[in-house]
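Novice: Following this message is one structure expressed as structure tokens.
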Amino acid sequence: MKPWIHAVFLMAVAAVGPTACRDGPQSPPIDARDQLLDQALAVASTDPVRAADLFARAGPGPSLEETRMAVWADCLRRSSAPPEMWRRYLADQPSPRLAGRARLELIRTLVETGAVLEAIAERNLLSSDLQPAGDEALLSTTDPERKLQAASRLLITSPKRLAAREKGLEQRLVKTLSPEDRLSRSRAWRREGAPSKAAVELLSLIHISEPT
């Protein structure tokens with residue numbers, strides 16, 4: 010561990026004290042936890058698998074908790090960790106920001122292993138702003154029905170993501186949208202920084218409403 014990080018680490022332990030641990034998995038005694046964190050941070054860049062194990066064994070505590078969770082997640086990503094390791098990470102209750110990113114990684118890993126129903130269950134636990142990213146991960150499934158469901162949601166909530174990944178599918182599905190869905194899709198294009206695309210959606214509404 011770099012000297013300045015270690016100094017901050019020791020100051021945090023002294024200032025916060027052992028009673029500040031949050032509810033959740035039990036941690037080793039403070040001295041033992043500090044040693045585990047020291048070891049984990051020392052090997053995080055060279056041996057992410059071992060570092061991830063050490064971070065897990067250290068458990069939640071009063072010092073360097075955000076650092077532990079952030080570096081631990083990075084180690085899991087770099088080591089292509091299996092779903093159970095991401096579940097173990099989430100069990101330690103990371104901050105909402107880190108938890109959202111970790112759950113997305115879990116979803117991607119579940120899709121890769123063919124556990125699409127579990128991936129969908131995890132997608133439903135995401136905050137509304139992250140659900141489109143979860144649906145984008147589900148586009149990689151080999152289950153055609155589940156892929157179509159994810160694409161149909163993205164068609165309205167994040168058309169930019171869908172067009173980038175599945176342009177042909179996006180063009181086929183857009184023909185099935187109702188005027189209400191077209192309006193929602195127009196708003197989504199504008200949120201995603203594509204006002205010209207939003208205008209095209211609005212023009213299509215005018216065309217739909219014209220008498221034949």
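Going by the numbering used here, the first residue of the sequence shown is number 10, and it counts up by one from there. Glycine included, C-beta positions come from ideal geometry on N, C-alpha and C.
Of all the alpha helix (DSSP H) runs that stay within the bounds of the segment 89-118, which reach a length of 4 or more residues?
Specialist: 92-100
Novice: Given 8 Å as the limit, is there contact between the segment 117-125 and the segment 141-156, that is, 3 or more CB pairs closer than that?
Specialist: yes
Novice: Report all residues from its chain with a CB closer than 8 Å to the CB of L134; omit the five preceding and five following residues, and keep chain order.
Specialist: R112
Novice: Do W81 and A51 have their CB atoms nearer than 9 Å?
Specialist: no
Novice: State the CB to CB distance for the pair S167 and P141, rounded to an integer number of angstroms; the pair is presumed to be in contact (CB under 8 Å).
Specialist: About 4 Å; that satisfies the 8 Å criterion.
Novice: Exposed or buried, what is T185 when buried is set at 16 or more other beta-carbons lying within 10 Å of its beta-carbon?
Specialist: exposed
Novice: So, using beta-carbon positions, are I215 and D190 closer together than 9 Å?
Specialist: no
Novice: Which residues bound the alpha helix (DSSP H) around G177?
Specialist: K176 to V183
Novice: Would you kindly work out how many angstroms separate the C-alpha atoms of D43 and L63, rounded to a whole number?
Specialist: 11 Å
Novice: Identify, in the order they occur along the chain, each residue of the same chain with its Cβ nearer than 6 Å to the Cβ of S195, setting aside the five sequence neighbours on each side.
Specialist: Once the five neighbours on either side are set aside, the close Cβ partners of S195 are A207, E210 and L211.
Novice: Once the 5 residues before and after D144 are set aside, which same chain residues still bring their CB inside 6 Å of it?
Specialist: Exclusion of the five residues before and after D144 leaves A159, R162 and L163 as the residues of its chain whose Cβ lies within less than 6 Å of its Cβ.
Novice: Starting from G143, follow the alpha helix (DSSP H) in both directions and report where the run begins and ends.
Specialist: Q140 to L147
Novice: Would you report the Cα separation of T55 and S89, rounded to the nearest angstrom?
Specialist: 14 Å
Novice: So what does DSSP say about L135, is it helix, strand or coil?
Specialist: coil
Novice: In whole angstroms, what separates the C-alpha of R174 from that of K156?
Specialist: 12 Å
Novice: In angstroms, rounded to a whole number, what distance separates the CA positions of R200 and P37?
Specialist: Straight through space, the alpha carbons of P37 and R200 are spaced by roughly 46 Å.
Novice: Do you know how far the Cα of R96 is from the Cα of G202?
Specialist: 34 Å
Novice: So, helix, strand or coil for E201, using DSSP?
Specialist: E201: coil per DSSP, three-state reduction.
Novice: To the nearest angstrom, how far is it from the Cα of K115 to the Cα of S187?
Specialist: According to the sequence as given, residue 115 is Leu; it is not Lys. Looking at the two C-alpha atoms, the distance is approximately 34 Å.
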